[in-house]
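Residue numbers (the numbering used here), protein chains in the order written: chain Y, 8 to 550; chain S, 9 to 79.
Here is the structure we will look at.
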Amino acid sequence: MTQALIVIAYLAIVVYIGVFAFRKKGESHDAEGYFLAGRSLGPVVFLLSLFGTNMTAFAILGSSGHAFQNGIVTYGLMASSSGLVIPLTIFFVGTRVWALGKRYGFMTPVQLFRDRWECNHIGTLIFALQAVLLVPYIIIGVMGGGTTLAAVSGGWVPYWLGGLIVALVVMSYVFFGGMRGTAWVNTFQTVLFLGFGAVAVIVIATGMGGFRAAAEALLSAPGTAPLMTRARVSPWYFFSYTFIPLSAIAFPHITIFCLTARKLSQFKKTVTLYPLCIAAIWLPCVFLGVMANRATDIPEIKAKLDARRALVAPTATALPVEEQDKLREQAAGDDVLLRLLDKHAPIWLAGLLGAGIMAAVMASDSQILALSTMFTEDVFAHYGGKARFGEAVQVQTGRVFVVLLTAFAYVIALNAPESIFELAIQYAFSGFAALSPLLIAALFWRGSTKWGALAATVWVAIAVVAVAVFQQLVPAPLPGRPPVVVWALGGLDVLARTPGGTSVFKFMPVVPMTIVSALLMIVVSLLSAKPSPDTIRKYFQTA
Amino acid sequence: MNRALLVLAVAVLYVLHQDYWNWFEARPLVFGFVPIGLAYHAAFSVAAALVLWLLVTYAWPSHLEDEADRE
Chain Y
8 MTQALIVIAY LAIVVYIGVF AFRKKGESHD AEGYFLAGRS LGPVVFLLSL FGTNMTAFAI
68 LGSSGHAFQN GIVTYGLMAS SSGLVIPLTI FFVGTRVWAL GKRYGFMTPV QLFRDRWECN
128 HIGTLIFALQ AVLLVPYIII GVMGGGTTLA AVSGGWVPYW LGGLIVALVV MSYVFFGGMR
188 GTAWVNTFQT VLFLGFGAVA VIVIATGMGG FRAAAEALLS APGTAPLMTR ARVSPWYFFS
248 YTFIPLSAIA FPHITIFCLT ARKLSQFKKT VTLYPLCIAA IWLPCVFLGV MANRATDIPE
308 IKAKLDARRA LVAPTATALP VEEQDKLREQ AAGDDVLLRL LDKHAPIWLA GLLGAGIMAA
368 VMASDSQILA LSTMFTEDVF AHYGGKARFG EAVQVQTGRV FVVLLTAFAY VIALNAPESI
428 FELAIQYAFS GFAALSPLLI AALFWRGSTK WGALAATVWV AIAVVAVAVF QQLVPAPLPG
488 RPPVVVWALG GLDVLARTPG GTSVFKFMPV VPMTIVSALL MIVVSLLSAK PSPDTIRKYF
548 QTA
Chain S
9 MNRALLVLAV AVLYVLHQDY WNWFEARPLV FGFVPIGLAY HAAFSVAAAL VLWLLVTYAW
69 PSHLEDEADR E
């Protein structure tokens, strides 16, 4: 109850910051003011908000859960690679998007594509694909809010009410505050969860009597020793994962956020400090996730370890599929950090840390605002709505869209299983990574054409659906078992179903998806007519 | 600073991320409890920040600021 009250107080502060604090008089009356904070965010808000926008619930709950099951590899796989690739894309792509946006007034990536490649409906197709890939995040955000509020309140706040509260809070500050409100909320939330990791480590280390004995015990047991290495993951898989962070700059909410900086120099701190911010959050979460394997005195964690043992036992393959799925669900570790805090943190601190977790869970605000921006700019304004009804109506349309989208996400969150959207997010990461060649080609290659962009977009859509269908048709082998090879050629595994997903030539699907997308962009562009010299001159001064 | 050196630094960093030599090693435990594979990648994050600082300092695309204000 105390924890829930602290979290609800936190939500009230978030609403206050998002709706009332830092409002600028008159700004929200025009589209640029509402959707881009008038392109006027300062350096600290830009850094913390951009970073917070990129950190979802997965950064805290998912990372510790993944590390609980797979070990320390989680950090190299997802954090240190992101700490290099994401700032590089911000450095090379984000800065150029900012400059073009400021010069030509673009507010979405599709506006840039339409102008750069002189296209119309191809831009609409790119918008549709981006929207479809983004919606699952918003639904997961509402679900995560419901689950977390229910967990930190010990069931006092039911799931449906928790989801409703989170949806209403996010909707309120996005509706009233637009980009400025969302950016300030993200800044506040980032400060909160940047502090979360260090506090959690200290509290849990004290509770467990230090980590030295736990680390030695994990190493001495054959079942847990591989968690202290990267034995659970192949080097091919590890390499493949470096492609995933390419998705960040292709996510519309990140591209759009790059347009909000007041000056170019505000990117400098973001680029430099990004890897350190990632380390501050992910290192403690990954480490604590691994250490949770020694917390057998916590009944919920012991039950997870028992389920894991049952899954790797030789008799597991004889179990019915439903039983295997149930064991997988029991063994999942997304709540291990909450369990450790429940056990070791005093109740008031657990409440504050619960608020830190809520901060990460509520990252869907930027996606809601981005979809609203995209809808009003790429569809409403593009197809004549702005010219006919004026800019004030455009902003109101954006706000109505925010309400409808949040309501839609809440209804789906109440009625659909979370696992579907978790899977959809996996596909979406690969999909956005494979869309990154579009941005790179638009900005750096004068020879790129709309037909190249169309070919790459259609390929990405087909590939995402194909991977989803494949994983539905071919059941995953149990953890620790070899992959199910569906297609081999001359002793080489071409296509296989692995316990965690799919492999193509031993790589994750994101690798061939991104490479083929880039090749299609190149080959089809070389074979098709270029945009007019005027347009090319507009983007490349010496054309 | 020479741009080619900066490109090389980024490329080397990317290769260093694939540290196969630590794959099955947990020891030495840094500070007595952090496996070497995790400590290595923590250090990698610091190295990434340093290389990015070099990029920002010596290869910043400041011409974009002027281009943005044109027209």
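Note that CB positions come from ideal geometry on N, CA and C, so glycine has one too.
Predicted model only: the values in this text are computed from it and were never measured.
Item, Value
"Close Cβ partners of Pro519 of chain Y (< 6 angstroms) along its chain, the five nearest in sequence each way excluded", "Val511"
"Close-in-space but distant-in-sequence residues of the same chain around Met528 of chain Y (CB under 8 angstroms, 5 per side omitted)", "Pro444, Leu445, Ala448, Ser455, Gly459, Ala460, Ala462 and Ala463"
"N- and C-terminal bounds of the beta strand (DSSP E) containing Val492 of chain Y", "Val491 to Leu496"
"Given 8 angstroms, three or more beta-carbon pairs between the segment 289–307 of chain Y and the segment 407–418 of chain Y", "no"
"DSSP beta-bridge partners of Arg504 of chain Y", "Y:Val491 and Y:Thr509"
"Every unbroken alpha helix (DSSP H) within the segment 358–389 of chain Y, with a cutoff of 4 residues, ordered by chain", "371–381"
"Per-residue DSSP class, three states only, for Val164 of chain Y", "coil"
"Beta-carbon contacts of Leu141 of chain Y that lie in its chain and below 8 angstroms, excluding the five residues immediately before and after", "Phe258, Pro259, His260, Gln374, Ala377, Leu378 and Ala435"
"Per-residue contacts from Phe218 of chain Y into chain S (C-beta, under 7 angstroms)", "Phe41"
"Partners in chain S for Pro242 of chain Y, counting only beta-carbon separations shorter than 9 angstroms", "Gln26, Tyr28 and Trp31"
"Alpha carbon of Ala34 of chain S to alpha carbon of Tyr28 of chain S, nearest angstrom", "13 angstroms"
"Contact the segment 80–89 of chain Y vs the segment 238–247 of chain Y: 3+ CB pairs below 8 angstroms", "yes"
"Given Leu421 of chain Y as reference, the closest of Y:Val476, Y:Gly152, Y:Ser89 and Y:Lys545 once Cα atoms are compared", "Y:Gly152"
"Neighbourhood of Ala310 of chain Y by C-beta, 7 angstroms cutoff - its chain only, sequence neighbours within 5 removed", "Gln337"
"Length-filtered (4 minimum) alpha helix (DSSP H) runs lying within the segment 183–239 of chain Y", "219–227"
"C-alpha gap between Ala525 of chain Y and Asn30 of chain S, whole angstroms", "32 angstroms"
"Opposing strand residues paired with Ala268 of chain Y [DSSP bridges]", "Y:Leu48"
"DSSP-derived helix/strand/coil call for Val38 of chain S", "strand"
"Alpha-carbon spacing of Glu223 of chain Y relative to Met235 of chain Y, whole angstroms", "10 angstroms"
"Distance between Phe32 of chain S and Thr322 of chain Y (C-alpha atoms, nearest Å)", "28 angstroms"
"CB of Phe200 of chain Y within 8 angstroms of CB of Ala367 of chain Y, strictly", "yes"
"Minimum Cβ-Cβ distance from Arg237 of chain Y to chain S less than 8 angstroms", "yes"
"Rounded straight-line distance, which links the Cα of Asp37 of chain Y to that of Glu398 of chain Y", "6 angstroms"
"Every unbroken alpha helix (DSSP H) within the segment 511–543 of chain Y, with a cutoff of 4 residues, ordered by chain", "517–534"
"Residue environment, His49 of chain S, which counts as buried when at least 16 other CB atoms sit within 10 Å", "buried"
"Under 7 angstroms by beta carbon: chain Y residues contacting Val64 of chain S", "Lys275, Val278 and Thr279"
"Opposing strand residues paired with Leu499 of chain Y [DSSP bridges]", "Y:Leu496"
"Below-8 angstroms beta-carbon distance, Gly230 of chain Y vs any chain S residue", "no"
"Per-residue contacts from Leu21 of chain S into chain Y (C-beta, under 9 angstroms)", "Leu91"
"First through last residue of the alpha helix (DSSP H) which encompasses Met85 of chain Y", "From DSSP, Met85 of chain Y is part of no alpha helix (DSSP H); its letter is neither H nor E."
"Own chain, CB closer than 7 angstroms to Ile44 of chain S, minus 5 neighbours either side, in chain order", "Asn30, Glu33, Ala34, Arg35, Pro36 and Val38"
"Inter-residue Cα distance where the pair is Met8 of chain Y and Met62 of chain Y", "28 angstroms"
"Beta carbon proximity, Arg78 of chain S to chain Y, threshold 8 angstroms", "yes"
"Whole-angstrom distance between Ala158 of chain Y and Met298 of chain Y, CA atom to CA atom", "21 angstroms"
"Proximity test, Cβ basis, 8 angstroms: Leu13 of chain S and chain Y", "no"
"Three-state secondary structure assigned by DSSP to Glu33 of chain S", "coil"
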